[in-house]
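Enquirer: Residue numbers (this note's numbering), protein chains in the order written: chain A, 1 to 213; chain B, 214 to 403.
By construction, the Cβ of each residue, glycine as well, lies at the ideal position given by its N, Cα and C atoms.
Submitted below is the structure of interest, expressed as C-alpha cells.
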Amino acid sequence: MTHPSEIQLALLAGGDLALWERWRVRRHVAHCGQCEGTLEALRMSSNQVRELAAELPKDLNWNRLAEEMTGNIRVGLAAGQAIASFDKPPAVRRPRLAWNAGTVLACASILFAFAFWANIPRPQAEHLVQALKRIAAHGIGNFAQPGLRQEDVILEASTSGIEVKENGRALSLMHPHSDGATVTVNMQGSAGVRFIDADTGQVTTNKVYYAEQ
Amino acid sequence: MSDRGVPSQLDPSLLAAQEIQNRFISENLRRIFLLIYRIVRNVDDAQDLTQEAFIKALQRQDQLKDLDKATHWLSRIASNTAIDFLRRNGKVNFCEIDALIEPLTEPTDSPEQAVLRREHRTHLEGGLEVLTDRERTALLLRDVEGLPAELVAEQMNCSKATVRSHIANARIKFRRYLERSRRTSGRKRA
Numbered sequence: 001m002t003h004p005s006e007i008q009l010a011l012l013a014g015g016d017l018a019l020w021e022r023w024r025v026r027r028h029v030a031h032c033g034q035c036e037g038t039l040e041a042l043r044m045s046s047n048q049v050r051e052l053a054a055e056l057p058k059d060l061n062w063n064r065l066a067e068e069m070t071g072n073i074r075v076g077l078a079a080g081q082a083i084a085s086f087d088k089p090p091a092v093r094r095p096r097l098a099w100n101a102g103t104v105l106a107c108a109s110i111l112f113a114f115a116f117w118a119n120i121p122r123p124q125a126e127h128l129v130q131a132l133k134r135i136a137a138h139g140i141g142n143f144a145q146p147g148l149r150q151e152d153v154i155l156e157a158s159t160s161g162i163e164v165k166e167n168g169r170a171l172s173l174m175h176p177h178s179d180g181a182t183v184t185v186n187m188q189g190s191a192g193v194r195f196i197d198a199d200t201g202q203v204t205t206n207k208v209y210y211a212e213q
Numbered sequence: 214m215s216d217r218g219v220p221s222q223l224d225p226s227l228l229a230a231q232e233i234q235n236r237f238i239s240e241n242l243r244r245i246f247l248l249i250y251r252i253v254r255n256v257d258d259a260q261d262l263t264q265e266a267f268i269k270a271l272q273r274q275d276q277l278k279d280l281d282k283a284t285h286w287l288s289r290i291a292s293n294t295a296i297d298f299l300r301r302n303g304k305v306n307f308c309e310i311d312a313l314i315e316p317l318t319e320p321t322d323s324p325e326q327a328v329l330r331r332e333h334r335t336h337l338e339g340g341l342e343v344l345t346d347r348e349r350t351a352l353l354l355r356d357v358e359g360l361p362a363e364l365v366a367e368q369m370n371c372s373k374a375t376v377r378s379h380i381a382n383a384r385i386k387f388r389r390y391l392e393r394s395r396r397t398s399g400r401k402r403a
C-alpha cells in the first residue's frame, strides 16, 4: 500500500488539496490508521497555531500599548491631513471676466437689433424679412426668385450695367466693362455702379433710383 | 472643513466619520497587531507597522463605507506592510521592549495555572521560531487569517504552488516540533 506523502497530508489538513487528489488521499486515510494519526496531529498543530496567534506576547501590557498605538494613529492621520492640505495647490478661480464680457456683449447685441428693427420703416422691415427668408431658403448668391410676379419691379446692378424691370419691360444703363467697378445696392430702392476708366482715369458714378408712384 | 464658522469638532458628518474611525481602530487593533507581530516577531516593529497599516487604511475614508470589506482590506494592508518590512530588513531584530513590559497578572489564573499557561505559550512560540519567515507568513495568512492560497500567493508575490509548499512545510515542521518537545518533556518527567 502506497501511503500519501506528508506534504499531501499537510495540505489535506488545511483543505488545500485539489478536488481529485483530496478524494484520493481521503480514501486512503479512511483505511490507514497511521496516516489518519498523522493527519490528526497536523490538524491539531494547525489549531495550536491559531490558538497561539490569538495570544498576546508574554509580559505585554496590551492596554497601554493599544492606547499608545491609537494615539499615534490619530496623530499620524492628523499629520497626513495637514501635509495634504499644505501640498494642495490653491484653488484656481475660474476667470469670470470672459463670462461677464460675453453676457454684456449678448445684451448689447439684442438691444442694438431691437433698436434697429424699431427704427426702420415698416415696408423696409417687411422687405428685409422677405429678403432674409429668401436667403434662408436659397442661400446668398442664388438669384432664383420663383415667387416673382409679372408686376413686381426688379432693380439689378452688375459690373456691366444697371437694369430696372417692370411689367415685362426693362430699362438698362450700360457702362464700359471695368475690373475696378464697385456695385452698391440700397434697401431704399437704388442701385449704383462706380468705375474708373482705364485710359483716362476718369471716375464715373451711375446711380438709379426707383420710386413707387 | 466646516461651513460658516462652525467649528470642525461640531460638524455632524465629521463627528460621524470620527466615530466610525474610532470603532474601526478599536475593533481591529488587537487582531492586526497580533497578525503583524506573528510575522515580524518583535513588539517594537509590530507596533510601528500596525500604526502604519491603520494610517494607510484610514487615509482612504471611502473604503470604510463597508466595514466588512474594510476589515479584509485592512488585513491585506497589514500583511503586506509586514511582508515588505521583512523584505526590506532581511532579518528581524529581536530586541525587547522595556517601557511597555509590566508583570503579567491574570486574576482568573492561579499562580500555578499562570506558570503553566506561560510555559505552554513559550513552547508554542518555539514552534513558530523553527519556521522560515516565508513559511511562517504563509501559515499565518492561511491558517489564522483564513485567506485562500491564491490570495496568500498574491500577497506574498509568489506562485500558488510555492505558497502551498510553504504552507505544507510549515505545518509539518510545526507538528514535528510539537512531537519532539512532547517526547523531550516525557523523558524529563520519567
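In the DSSP output, what is Thr204(A) paired with across the bridge?
Expert: Here the question's residue 204(A) lines up with position 204 in the first sequence. Answer is Phe195(A).
Enquirer: If we cut at 8 Å on Cβ distances, does Arg301(B) have a partner in chain A?
Expert: Taking the first residue of the second sequence as position 1, residue 301(B) is located at position 88. By this cut-off, Arg301(B) is not an interface position.
Enquirer: Tell me the rounded alpha-carbon separation between Arg347(B) and Pro225(B).
Expert: One-based indexing of the second sequence puts residue 347(B) at position 134. One-based indexing of the second sequence puts residue 225(B) at position 12. For Arg347(B) and Pro225(B), the distance between alpha carbons rounds to 46 Å.
Enquirer: Beta carbon of Leu344(B), beta carbon of Leu337(B): below 8 Å?
Expert: Taking the first residue of the second sequence as position 1, residue 344(B) is located at position 131. Taking the first residue of the second sequence as position 1, residue 337(B) is located at position 124. For Leu344(B) and Leu337(B), no; Cβs fall outside 8 Å.
Enquirer: Check whether chain A comes within 8 Å of Leu329(B), counting only Cβ atoms and requiring the distance to be less than that.
Expert: Locating residue 329(B) in the second sequence gives position 116, where the first residue counts as 1. So, not an interface residue.
Enquirer: Taking C-beta pairs closer than 8 Å, name the residues in chain A that Ile238(B) reaches, listed in chain order.
Expert: Along the second sequence, read from residue 1 onward, the residue named residue 238(B) stands at position 25. Here the neighbours are Thr70, Ile73.
Enquirer: Taking Cys35(A) as the reference, which of Ala54(A), Thr2(A), Asn61(A) has the closest Cα?
Expert: As a first step, residue 35(A) is located in the first sequence; it is residue number 35 there, counting from the start. Comparing Cα positions, the closest option is Thr2(A).
Enquirer: To the nearest angstrom, how far is the alpha carbon of Pro123(A) from that of Thr200(A)?
Expert: Here residue 123(A) is taken as the residue at index 123 of the first sequence, counted from 1. Here residue 200(A) is taken as the residue at index 200 of the first sequence, counted from 1. If I take the Cα positions, the gap works out to 42 Å.
Enquirer: DSSP on Thr184(A), reduced to helix/strand/coil?
Expert: As a first step, residue 184(A) must be located in the first sequence, where it is residue number 184. Thr184(A): strand per DSSP, three-state reduction.
Enquirer: Would Glu166(A) and Val153(A) qualify as a contact pair, given that the criterion is a beta-carbon distance under 8 Å?
Expert: Against the first sequence, residue 166(A) aligns to sequence position 166. Against the first sequence, residue 153(A) aligns to sequence position 153. Contact flag set, yes.
Enquirer: Spatial neighbours of Ala191(A) within its chain, please: C-beta separation below 6 Å, excluding the five flanking residues on both sides.
Expert: As a position in the first sequence, residue 191(A) is number 191, starting the count at 1. Once the five neighbours on either side are set aside, the close Cβ partners of Ala191(A) are Leu155, Ala157, Ile162, Val185, Val208.
Enquirer: Counting only beta-carbon atoms, is Val49(A) nearer than 8 Å to chain B?
Expert: The sequence position of residue 49(A) within the first sequence is 49, counting from 1. With 8 Å as the cut-off, Val49(A) counts as an interface residue toward chain B.
Enquirer: Does Asp356(B) come within less than 8 Å of chain A when only Cβ atoms are used?
Expert: For the purposes of this step, residue 356(B) is taken as the residue at position 143 of the second sequence. Chain A, which has a Cβ nearer than 8 Å to the Cβ of Asp356(B), makes this yes.
Enquirer: Count the C-beta pairs between the stretch 50-60 of chain A and the stretch 243-256 of chain B that are closer than 8 Å, then say yes if the count reaches three, no if not.
Expert: Cβ pair count under 8 Å is three or more, so yes.
Enquirer: Work out the CA separation of His285(B) and Arg236(B) for me, nearest whole Å.
Expert: Mapped onto the second sequence, residue 236(B) falls at position 23. Mapped onto the second sequence, residue 285(B) falls at position 72. Computed Cα separation, rounded: 15 Å.
Enquirer: Can you tell me which of Gln188(A), Met187(A), His175(A) puts its alpha carbon nearest to the alpha carbon of Asp197(A)?
Expert: Sequence index remark: in the first sequence, residue 197(A) carries index 197 (1-based). Among Gln188(A), Met187(A), His175(A), the Cα nearest to that of Asp197(A) is on His175(A).
Enquirer: Check the Cβ of Glu325(B) against every Cβ in chain A and list those closer than 7 Å, keeping chain order.
Expert: Counting from 1 along the second sequence, the entry for residue 325(B) is found at position 112. Under the 7 Å cutoff, chain A gives no residues; its nearest Cβ is about 17 Å from Glu325(B).
Enquirer: For chain A, find out if any of its Cβ atoms is closer than 8 Å to the Cβ of Val256(B); answer yes or no.
Expert: Taking the first residue of the second sequence as 1, we reach residue 256(B) at position 43. It does; some Cβ of chain A falls within 8 Å.
Enquirer: According to a CB-to-CB cut-off of less than 9 Å, which residues of the stretch 28-41 of chain A neighbour chain B?
Expert: Per Cβ criterion, the list reads Thr38, Ala41.
Enquirer: Provide the residue(s) that pair with Val164(A) in DSSP beta bridges, ordered along the chain.
Expert: One-based indexing of the first sequence puts residue 164(A) at position 164. Bridge partners of Val164(A): Leu155(A), Leu171(A).
Enquirer: Buried or exposed: which applies to Met69(A), given that a residue is buried once 16 or more other Cβ atoms fall within 10 Å of its Cβ?
Expert: Residue numbering aside, residue 69(A) sits at position 69 when the first sequence is read from its first letter. Met69(A) comes out buried.
Enquirer: Pick helix, strand or coil for Arg42(A), following the three-state DSSP scheme.
Expert: Counting from one through the first sequence, the residue named residue 42(A) turns up at place 42. Per the sequence shown, residue 42(A) should be read as Leu rather than Arg. Correct three-state label for Leu42(A): helix.
Enquirer: Give me whichever residues DSSP pairs with Ser226(B) in a beta bridge.
Expert: Residue 226(B) sits at position 13 when you count from the first residue of the second sequence. DSSP, once it has assigned bridges, lists no residue as partnering Ser226(B).
Enquirer: On the premise that Leu173(A) lies in contact with Asn206(A), defined as a C-beta separation below 8 Å, what is that separation, rounded to the nearest angstrom?
Expert: Counted from its first residue, the first sequence places residue 206(A) at position 206. Counted from its first residue, the first sequence places residue 173(A) at position 173. Confirmed, about 6 Å.
Enquirer: Relative to the alpha-carbon of Ile73(A), which residue among Ala230(B), Leu228(B), Ala266(B), Arg393(B) has its alpha-carbon at the smallest distance?
Expert: Position 73 of the first sequence, counted from the first residue, corresponds to residue 73(A). Ranking Ala230(B), Leu228(B), Ala266(B), Arg393(B) by Cα distance to Ile73(A) puts Ala266(B) first.
Enquirer: Determine, using beta carbons only, whether Ala82(A) comes closer than 8 Å to chain B.
Expert: Your numbering for residue 82(A) matches position 82 in the first sequence. It does not; no Cβ of chain B falls within 8 Å.
Enquirer: Please state whether the Cβ-Cβ distance between Leu225(A) and Gln260(B) is less than 8 Å.
Expert: One cannot answer for residue 225(A) here, as it falls past the ends of chain A, which runs 1 to 213.
Enquirer: According to DSSP, simplified to helix, strand and coil, what is Gln8(A)?
Expert: The residue given as residue 8(A) occupies position 8 in the first sequence. In this structure, Gln8(A) counts as helix in the three-state DSSP scheme.
Enquirer: For a minimum of 4 consecutive residues, which ranges assigned as the alpha helix (DSSP H) are wholly contained in the stretch 240-288 of chain B?
Expert: With a minimum length of 4 residues, the continuous alpha helix (DSSP H) runs that stay inside the stretch 240-288 of chain B are 256-271.
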